Amino acid sequence: MASEFGCDDNETESEALVLRSKSERVHITKTFENGKNDRTTKKRMIAVVAIVASAIVLTTILSALASTNETTWIRSTAKHDVPKPGNDGAMTTTEDVPQQFPQFSCPSEVRQAQNYDESFEGVYTNISEHIIESNITAFIESFRHEEYDGWGKTYEEVKAGLHEWKIERFTDNLNDGSTIYESASGIGLSILLTLEAVQEVKELKSIKVYGNEYVKESVYLANKLLPALLSQVNATLGSICQGDSTDLHFVPSNSFDVVFTGYISTLLDPLNFGKGDLNSNYELYEHICLNKKKKDWEAMKLAEIAQERQEDWFGLWVQEMIRIAKPGAAIIIEQVSRPYCKDMYDWGGVPHKFWSNGIHKYGWDVDRYSLDMSKDQVFTQRYNVFMRKNL
Ligand SMILES: C[S@@+](CC[C@H](N)C(=O)[O-])C[C@H]1O[C@@H](n2cnc3c(N)ncnc32)[C@H](O)[C@@H]1O
638 MASEFGCDDN
648 ETESEALVLR
658 SKSERVHITK
668 TFENGKNDRT
678 TKKRMIAVVA
688 IVASAIVLTT
698 ILSALASTNE
708 TTWIRSTAKH
718 DVPKPGNDGA
728 MTTTEDVPQQ
738 FPQFSCPSEV
748 RQAQNYDESF
758 EGVYTNISEH
768 IIESNITAFI
778 ESFRHEEYDG
788 WGKTYEEVKA
798 GLHEWKIERF
808 TDNLNDGSTI
818 YESASGIGLS
828 ILLTLEAVQE
838 VKELKSIKVY
848 GNEYVKESVY
858 LANKLLPALL
868 SQVNATLGSI
878 CQGDSTDLHF
888 VPSNSFDVVF
898 TGYISTLLDP
908 LNFGKGDLNS
918 NYELYEHICL
928 NKKKKDWEAM
938 KLAEIAQERQ
948 EDWFGLWVQE
958 MIRIAKPGAA
968 IIIEQVSRPY
978 CKDMYDWGGV
988 PHKFWSNGIH
998 KYGWDVDRYS
1008 LDMSKDQVFT
1018 QRYNVFMRKN
1028 L
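Going by the working numbering, the residue at position 158 of the sequence shown is 795; the numbering climbs one at a time, nothing skipped.
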């Protein structure tokens, strides 16, 4: 998989050179065994030595070129616009971002996401607006025992349920100076929750945090809350931008040590009935699922198309997560819901087999043997997924 993306080309070439030099060595040994210590042998030896020497020089040049490629984007993006504070969410300046961390600007405009639904988005907008308008400082004091980001559970309840998973899956992938990115970060509390859990078992310094979120009010709030909250877990804020998780074009590739998403917000109307209202849509899809169970061929076909569209949406979201992760980095997708017709009250999602099929279907650059899933402990009908990007 990695060679498809050209990552291993240098390695393959230098391996070939080593092999060549090995075969040359065999050739030299054989010549000595024959006892033919004549001029022809000397000429051959000189030629062989010359080939081996050029191979060594070429290998050195190739590996130097490879390491230059790794750092190219850091240097080139450093020249780009510096993210500026404001509603677009970027809160960093050149002074507080060391050179080795990713630097990029938040987009000035975000197109409507394909999963946009007015009534659904309203839930998040209202929660964030309410906190902003009431008192952010008071919220910082009390958030541990308050519901947030539409979970219907408090921070402490979500943290307790995810605790084991967080420690098992994040700890080994975070070290001093690591970068972590959350796709669809809401108001940012799931990043805090993650780092709090990890810090219990591994003391970490200088973690840099990044993310994106579609709802503008939540982006604003995350950027207000996180600078203070992250200092309690030895981390600092890079940026939380407003952005659609299926289109992170403004985030440079191969940049983060861990990329995760707390929950992929599904396509609420994959068949584009366009009722514009969650409940009307819901009734239509419920009808399809019930008739599918009765083997109604039309319903079966519609359910199949809806599921395929849902899966392609998930595929796109995860594809972006993989792209921005560093080679070898952890990709973590939490609280994945199951297909709509399996779990009609959980918005729709994907089956377990979607993940192994997806590696092939969407050409995800991940190690298929790293794929692991486990039941979520917060919402037990959902599951969590772990994958590692190819080196
Ligand atoms: C259930 S909340 C989870 C928030 C956070 N990840 C957590 O685990 O606490 C889902 C979040 O996804 C956001 N979201 C939905 N669709 C999105 C999209 N296309 N791009 C980015 N964010 C999106 C919502 O606005 C909401 O904040």
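A virtual CB, placed ideally from N, CA and C, is assigned to each residue, including glycine.
What you are looking at is a predicted structure, and each value in this text was computed from that prediction instead of being measured.
For the structure I just gave you, are there three or more beta carbon pairs, one from the stretch 944-958 and one from the stretch 967-979, closer than 8 angstroms? The stretch 944-958 is in contact with the stretch 967-979.
Which value, in whole angstroms, describes the spacing of the CA atoms of residue 976 and residue 903? Along the sequence shown, one-based indexing puts residue 976 at 339. Along the sequence shown, one-based indexing puts residue 903 at 266. Approximately 10 angstroms between the Cα atoms of the pair.
Whole-angstrom C-beta distance between residue 919 and residue 876, which should lie under 8 angstroms: Residue mapping note: residue 876 aligns to position 239 of the sequence shown, counting from 1. Residue mapping note: residue 919 aligns to position 282 of the sequence shown, counting from 1. Their Cβ separation, rounded to whole angstroms, is 35 angstroms, which puts residue 876 and residue 919 out of contact at 8 angstroms.
Where does residue 781 sit, in a helix, a strand or coil, going by DSSP? Position 144 of the sequence shown holds residue 781. In the structure shown, residue 781 sits in a helix (DSSP, three-state: H, G or I).
Given the structure, does residue 798 come close to ligand 1, in the sense that its CB is under 7 angstroms from one of the ligand's heavy atoms? Residue 798 sits at position 161 when you count from the first residue of the sequence shown. Remark: the C-beta of residue 798 is outside contact range of ligand 1, defined as less than 7 angstroms to any heavy atom.
Just to confirm my understanding: we take residue 1009, look at its own chain, exclude 5 residues before and 5 after, and list those with CB closer than 7 angstroms. What are they? Counted from its first residue, the sequence shown places residue 1009 at position 372. Result list for residue 1009: 1023, in chain order.
Cβ contact check for the stretch 888-903 and the stretch 806-822: 3 or more pairs under 8 angstroms: With a cut-off of 8 angstroms, the stretch 806-822 and the stretch 888-903 count as touching, because enough Cβ pairs lie within range.
Buried or exposed by the 16-neighbour rule on C-beta atoms within 10 Å, applied to residue 660: For this step, residue 660 is matched to residue 23 along the sequence shown. With a pLDDT of 35 at residue 660, under the threshold of 50, the modelled position of that residue is not reliable, and no figure is offered here.
Nearest to residue 864 by CA position, among 844, 883 and 880, is which residue? Along the sequence shown, one-based indexing puts residue 864 at 227. For residue 864, the nearest C-alpha among the options comes from 844.
Scan the stretch 873-931 and note each continuous beta strand (DSSP E) run of 3 residues or more that stays entirely inside, going in chain order. You should have 893-898.
Can you tell me where the beta strand (DSSP E) holding residue 1022 begins and where it ends? Counted from its first residue, the sequence shown places residue 1022 at position 385. Where residue 1022 is concerned, the enclosing beta strand (DSSP E) stretches over 1020-1026.
Considering residue 958, what are the terminal residues of the beta strand (DSSP E) in which it resides? Numbered from 1 along the sequence shown, position 321 holds the residue referred to as residue 958. Not the beta strand (DSSP E): residue 958 falls in the alpha helix (DSSP H), residues 934-961.
Return the chain-ordered list of same chain residues with a C-beta closer than 8 angstroms to the C-beta of residue 783, the five sequence neighbours on each side being excluded. Position 146 of the sequence shown holds residue 783. Here residue 783 has 776, 791 and 792 as same chain residues with Cβ atoms under 8 angstroms from its own Cβ, once five neighbours each way along the sequence are excluded.
Buried or exposed: residue 748, going by 16 or more other Cβ atoms within 10 Å of its Cβ? If you number the sequence shown from 1, residue 748 lands on position 111. Looking at its Cβ environment, which holds fewer than 16 other Cβ atoms inside 10 Å, residue 748 is exposed.
Residue 798 lies in the alpha helix (DSSP H); which residues open and close that run? Taking the first residue of the sequence shown as 1, we reach residue 798 at position 161. Residue range 792-807 is occupied by the alpha helix (DSSP H) that includes residue 798.
Residue 822 beta carbon less than 8 angstroms from that of residue 860: If you number the sequence shown from 1, residue 860 lands on position 223. If you number the sequence shown from 1, residue 822 lands on position 185. Result no, Cβ atoms of residue 860 and residue 822 do not sit closer than 8 angstroms.
I'd like the list of long-range same chain contacts for residue 758, defined as Cβ closer than 8 angstroms, with 5 residues on each side in sequence excluded. Along the sequence shown, one-based indexing puts residue 758 at 121. Excluding sequence positions up to five before and after residue 758, its CB lies within less than 8 angstroms of the CB of 851 and 852, all in the same chain and listed in chain order.
Who are the near neighbours of residue 940 in its chain, counting only those whose CB is closer than 7 angstroms to its CB and skipping five residues on each side? Along the sequence shown, one-based indexing puts residue 940 at 303. Cβ contact annotation for residue 940 (same chain, cutoff 7 angstroms, sequence separation greater than five): 925, 926, 929 and 978, in chain order.
Reference residue 1005, options 1028, 988 and 880, closest by Cα: Taking the sequence shown and counting its residues from 1, the one referred to as residue 1005 is at position 368. For the set 1028, 988 and 880, the Cα lying nearest the Cα of residue 1005 is the one of 1028.
Count the other C-beta atoms from every protein chain shown that fall within 10 angstroms of the C-beta of residue 728, then say buried if there are 16 or more, exposed otherwise. To locate residue 728, count along the sequence shown from 1; it is residue 91. Caution applies to residue 728, whose pLDDT of 45 falls short of 50 and renders its modelled position unreliable; the model cannot decide the point.
For residue 943 versus residue 1026, is the C-beta spacing smaller than 8 angstroms? In the sequence shown, the residue the question calls residue 943 occupies position 306. In the sequence shown, the residue the question calls residue 1026 occupies position 389. No. Outside cutoff.
Check whether the Cβ atoms of residue 769 and residue 785 lie closer than 8 angstroms to each other. As a position in the sequence shown, residue 769 is number 132, starting the count at 1. As a position in the sequence shown, residue 785 is number 148, starting the count at 1. Going by C-beta atoms, residue 769 is not nearer than 8 angstroms to residue 785.
Take the Cβ of residue 879 as the centre, count every other Cβ of all protein chains shown within 10 Å, and call the residue buried at 16 or more, exposed below. Position 242 of the sequence shown, counted from the first residue, corresponds to residue 879. Its Cβ being crowded by 16 or more others within 10 Å, residue 879 is buried.
For the stretch 814-880, which segments carrying the alpha helix (DSSP H) assignment without a break, of at least 4 residues, lie completely within its bounds, in sequence order? The DSSP assignment places 826-838 and 853-867 as complete runs of the alpha helix (DSSP H) inside the stretch 814-880, in order along the chain (cut-off: 4 residues).
Where does the unbroken alpha helix (DSSP H) through residue 990 begin, and where does it stop? For the purposes of this step, residue 990 is taken as residue 353 along the sequence shown, with counting starting at 1. Unbroken alpha helix (DSSP H) run through residue 990: 990-998.
Taking the straight line between their C-alpha atoms, what separation do you get for residue 964 and residue 933? Taking the sequence shown and counting its residues from 1, one reaches residue 964 at position 327. Taking the sequence shown and counting its residues from 1, one reaches residue 933 at position 296. If I take the Cα positions, the gap works out to 46 angstroms.
By how many angstroms is the C-alpha of residue 761 removed from the C-alpha of residue 1020? Taking the first residue of the sequence shown as 1, we reach residue 1020 at position 383. Taking the first residue of the sequence shown as 1, we reach residue 761 at position 124. Going from the Cα of residue 1020 to the Cα of residue 761 covers about 23 angstroms.
Please go through the same chain and pick out, in chain order, the residues whose beta-carbon is closer than 6 angstroms to the beta-carbon of residue 953, but skip the five residues on each side of it. Position 316 of the sequence shown holds residue 953. Excluding positions up to five away in sequence, the list reads 883.
Ignore the nearest five residues each way along the sequence and tell me which others in residue 854's own chain have a CB closer than 7 angstroms to its CB. Within the sequence shown, the letter at position 217 stands for residue 854. Closer than 7 angstroms at Cβ, skipping near neighbours: 762, 765, 766 and 769.
In angstroms with no decimal places, state the Cα-to-Cα distance between residue 996 and residue 796. As a working mapping, residue 996 is identified with position 359 in the sequence shown. As a working mapping, residue 796 is identified with position 159 in the sequence shown. Between the alpha carbons of residue 996 and residue 796 lies a gap of roughly 30 angstroms.
Does the Cβ of residue 1042 have 16 or more other Cβ atoms within 10 Å, making it buried, or fewer, making it exposed? The structure shown does not extend to residue 1042, since the chain is modelled only from 638 through 1028, so no value can be given for it.
Relative to the C-alpha of residue 900, which residue among 872, 756 and 799 is closest? Within the sequence shown, the letter at position 263 stands for residue 900. Closest by C-alpha distance to residue 900, out of 872, 756 and 799, is 799.
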